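Numbering (this note's numbering), first residue to last: 797 to 1101.
Virtual Cβ for every residue (Gly too), placed ideally from N, Cα, C.
Since the structure is predicted, the reported quantities are computational estimates derived from the model, not experimental observations.
Below you'll find the structure, written out as structure tokens, and then a few comments.
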């Protein structure tokens, strides 16, 4: 009787495993060609023969597509300097269950694609697919700051276009905006003390954008204080490169009235127009903008003016 009971427990355990992991069970079940090809692909990759690693891994797709297989195929393409194919298969691995977003920022196999434009989109996709690790309470709290962040600045833009700057209305609006900015950075300081920087990997894309806005609109000392934190987060793939470009320009503008990426403009009251702050090495500005995930300067100016 005891043996029968043990046998029933084993069978029930196997059935439970296959119920909750149907994809894995279906692919492991007597699928010898699949795993033979994966072993060959792995051996070729270790021997740095990436073309053969890709060939074996792609052939294995005829038999299965475990997310680890798709991820390794994406790595082989990256090592073979094929960025588009690498991004495609890493995206596919995330779609099929890969959720270790922090590993993406550390894996040396992916070094070739980390400095390319689609990297931010890949990280955003991974974070969105892995929302169970996101602090949703903190994210929702940060998003409550967004309305006041934008409300009075939009009002200021409307007033500037109608009656210009340096009047009681704009002075009043600036007082409100500065008060909100000061309160926001104090609140963010408290959050960072407890949780660290609330970036995409901690609070998701939308709340991380609010974090950036609070820093961007803070006082000069706070901007300089947060710059290394934002840079470290960017290097880990948890902050968009464009955020660092905007913050760099804001710091340079406040200190020297120059910028690198052309993100900052100043209101000209006589022209009723936003003028571009002078750019250092303006000839190469679009090269820098592209590296940091920004559209061309011409397109940017056409959009915001």
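(Q) So residue 1020 and residue 1047 are supposed to be a Cβ contact under 8 Å. How far apart are they, rounded? (A) Translated into the one-based positions of the chain shown, residue 1020 becomes position 224. Translated into the one-based positions of the chain shown, residue 1047 becomes position 251. About 6 Å; that satisfies the 8 Å criterion.
Q: Mind reading off the beta-carbon distance from residue 883 to residue 863? Whole number of angstroms is fine, and I expect it under 8 Å.
A: Position 87 of the chain shown holds residue 883. Position 67 of the chain shown holds residue 863. 15 Å between Cβ atoms; not a contact.
Q.
Short of 6 Å in beta carbon distance, which residues of its chain neighbour residue 1108, apart from the five on each side in sequence? Order them along the chain.
A. Given a span of 797 to 1101 for the chain in the structure shown, any question on residue 1108 remains unanswerable.
Q: Let me know the alpha helix (DSSP H) ranges lying completely inside the region 918-950, each 4 residues or longer, listed in chain order.
A: 932-939
Q. Count the other CB atoms within 10 Å of the CB of residue 891; is the residue buried (16 or more) or exposed (fewer)?
A. The residue given as residue 891 occupies position 95 in the chain shown. So residue 891 counts as exposed.
Q. Ordered along the chain, which non-local residues of its own chain (more than five positions away) have a Cβ less than 6 Å from that of residue 876?
A. Along the chain shown, one-based indexing puts residue 876 at 80. Around residue 876: 846.
Q.
I need the boundaries of the alpha helix (DSSP H) containing residue 838, first residue and last residue.
A. The residue labelled residue 838 in the question sits at position 42 within the chain shown. Here the alpha helix (DSSP H) through residue 838 covers 828-842.
Q: Rounded to whole angstroms, what's the CA-CA distance from residue 959 to residue 1066? Just pull it up for me.
A: Translated into the one-based positions of the chain shown, residue 959 becomes position 163. Translated into the one-based positions of the chain shown, residue 1066 becomes position 270. Take the alpha-carbon of residue 959 and the one of residue 1066: they are about 11 Å apart.
Q.
Restricting to Cα atoms, I'd like to know which of 1085, 1060, 1034, 1098 is closest to residue 910.
A. Stepping through the chain shown from its first residue, residue 910 is reached at position 114. Selected option, being the one with the closest Cα: 1034.
Q | Pick from 948, 991, 961 that is closest to residue 972, judged by C-alpha positions | A | The residue labelled residue 972 in the question sits at position 176 within the chain shown. Cα-wise, what sits closest to residue 972 is 948.
**Q.** Test item: CB-CB of residue 996 and residue 1004 under 8 Å
**A.** For the purposes of this step, residue 996 is identified with residue 200 of the chain shown, where counting begins at 1. For the purposes of this step, residue 1004 is identified with residue 208 of the chain shown, where counting begins at 1. The answer is yes: Cβ separation under 8 Å.
Q.
Can you find the residues in the same chain that come closer than 7 Å, C-beta to C-beta, to residue 849, ignoring five residues on each side of it along the sequence?
A. Indexing the chain shown from 1 puts residue 849 at position 53. Excluding positions up to five away in sequence, the list reads 837, 840, 841, 872.
**Q.** Assumed close pair residue 879, residue 912 - CB separation to whole angstroms, cut-off 8 Å
**A.** The count along the chain shown starts at 1 and reaches residue 879 at position 83. The count along the chain shown starts at 1 and reaches residue 912 at position 116. Yes, residue 879 and residue 912 are in contact; Cβ-Cβ is about 5 Å, under 8 Å.
(Q) If I follow the unbroken alpha helix (DSSP H) through residue 1098, where does it start and stop? (A) Residue 1098 sits at position 302 when you count from the first residue of the chain shown. Residue 1098 -> alpha helix (DSSP H) spans 1093-1100.
Q: Output the distance between the C-alpha atoms of residue 925 and residue 1056, rounded to the nearest integer angstrom.
A: Mapped onto the chain shown, residue 925 falls at position 129. Mapped onto the chain shown, residue 1056 falls at position 260. Looking at the two C-alpha atoms, the distance is approximately 34 Å.
Q: Can you check DSSP and say which residues form a bridge with residue 1070?
A: Within the chain shown, the letter at position 274 stands for residue 1070. Paired residue(s): 1063.
(Q) Cutting at 7 Å between CB atoms, please list the residues of its own chain near residue 874, excluding the five before and the five after it. (A) By 1-based counting over the chain shown, the position of residue 874 is 78. Contacts found: 882, 905, 906, 908, 909.
Q: Indicate the three-state DSSP secondary structure (helix, strand or coil) for residue 1055 in the structure shown.
A: The sequence position of residue 1055 within the chain shown is 259, counting from 1. Of the three classes helix, strand and coil, the one that applies to residue 1055 here is strand, per DSSP.
Q. Sorted by chain position, which residues of the same chain lie with C-beta nearer than 7 Å to residue 1071's C-beta, five sequence neighbours on each side aside?
A. As a position in the chain shown, residue 1071 is number 275, starting the count at 1. Around residue 1071: 1061, 1062, 1064.
Q | Straight-line gap, residue 932 to residue 914 (C-alpha atoms, nearest Å) | A | As a working note, residue 932 is residue 136 in the chain shown. As a working note, residue 914 is residue 118 in the chain shown. Near 26 Å, if we compare the C-alpha coordinates of residue 914 and residue 932.
Q) If you draw a straight line from the C-alpha of residue 952 to the C-alpha of residue 946, how long is it? A) Taking the first residue of the chain shown as position 1, residue 952 is located at position 156. Taking the first residue of the chain shown as position 1, residue 946 is located at position 150. About 10 Å.
Q. Any idea what DSSP makes of residue 1075, helix, strand or coil?
A. Taking the chain shown and counting its residues from 1, the one referred to as residue 1075 is at position 279. Reduced to three states, the DSSP call for residue 1075 is strand.
Q) Enumerated in chain order, which unbroken segments of the alpha helix (DSSP H) with a length of 4 residues or greater are wholly contained in the region 987-1019? A) Counting whole runs of 4 or more residues, the region 987-1019 contains the alpha helix (DSSP H) stretches 996-1012.
Q | 7 Å CB neighbourhood of residue 1082 in its chain, flanking five on each side removed | A | For the purposes of this step, residue 1082 is identified with residue 286 of the chain shown, where counting begins at 1. Excluding sequence neighbours, residue 1082 sits near 1092, 1093.
Q) Comparing alpha-carbon positions, which option in 969, 966, 1068, 1010 lies nearest residue 985? A) Taking the first residue of the chain shown as 1, we reach residue 985 at position 189. Nearest of 969, 966, 1068, 1010 to residue 985, Cα basis: 1010.
(Q) Which residue wins for smallest C-alpha separation from residue 979, given the options 992, 941, 998, 950? (A) The residue labelled residue 979 in the question sits at position 183 within the chain shown. It is 941 whose Cα lies nearest to the Cα of residue 979.
Q) Around the Cβ of residue 1031, are there at least 16 other Cβ atoms within 10 angstroms (buried) or fewer (exposed)? A) Translated into the one-based positions of the chain shown, residue 1031 becomes position 235. Residue 1031 comes out exposed.
Q. Quick one: what's got a C-beta closer than 7 Å to residue 1084's C-beta in the same chain, skipping five residues either side?
A. Your numbering for residue 1084 matches position 288 in the chain shown. Around residue 1084: 1056, 1057.
Q: Please classify residue 885: does DSSP put it in a helix, a strand, or coil?
A: Along the chain shown, read from residue 1 onward, the residue named residue 885 stands at position 89. It is helical.
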